[in-house]
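FYI, the numbering for the sequence shown is 513 to 579, going by our numbering. Backbone N, C-alpha and C define an ideal beta-carbon position, used for all residues, glycine too. Only a predicted model underlies this, so the values are computations on that prediction, with no experimental measurement involved. These notes concern the structure reproduced below.
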Amino acid sequence: MQAYLFVPVNAVFRHEMPVKNELSKQNIQDRFFGNNDPVARKILAGHAEDQGLKPPEDESVVSTSLA
C-alpha cells in the first residue's frame, strides 16, 4: 500500500526570493533598541494618519506636549 501526500493546488511555498524593500533590511539590534526601525516607523505613521496628526508648519517647533 502506498501512502499519498495531499498537497493543495494553491499551497504557498517559499521557493521564490523574498521581496526586497525597506522592511526586509533590518538589523536585530536596531529593531530591539528602536534605532532606525522601519517597522515601528510604519506603524507609528499609520496611527498618526488615523489620528489626523501631521508635522507642524513652523519648523522651529521641535517638541510637543500632550496633556
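Is glycine 558 helix, strand or coil by DSSP? helix
How would you write the range of the alpha helix (DSSP H) that glutamine 541 sits in, first residue to last? Going by DSSP, glutamine 541 is part of the alpha helix (DSSP H) stretching over 540-545.
Please classify leucine 535: does DSSP put it in a helix, a strand, or coil? helix
Assigned secondary structure, valine 573 (DSSP; H/G/I helix, E/B strand, else coil): coil
Compare the C-beta of alanine 560 with all C-beta atoms of chain D and state if any pair is closer than 8 Å. In the structure shown, chain D does not exist; there is a single protein chain.
When the distance is taken between beta carbons, is alanine 552 closer than 8 Å to glycine 507? Only positions 513 to 579 of the chain appear in this structure, which leaves residue 507 out of reach.
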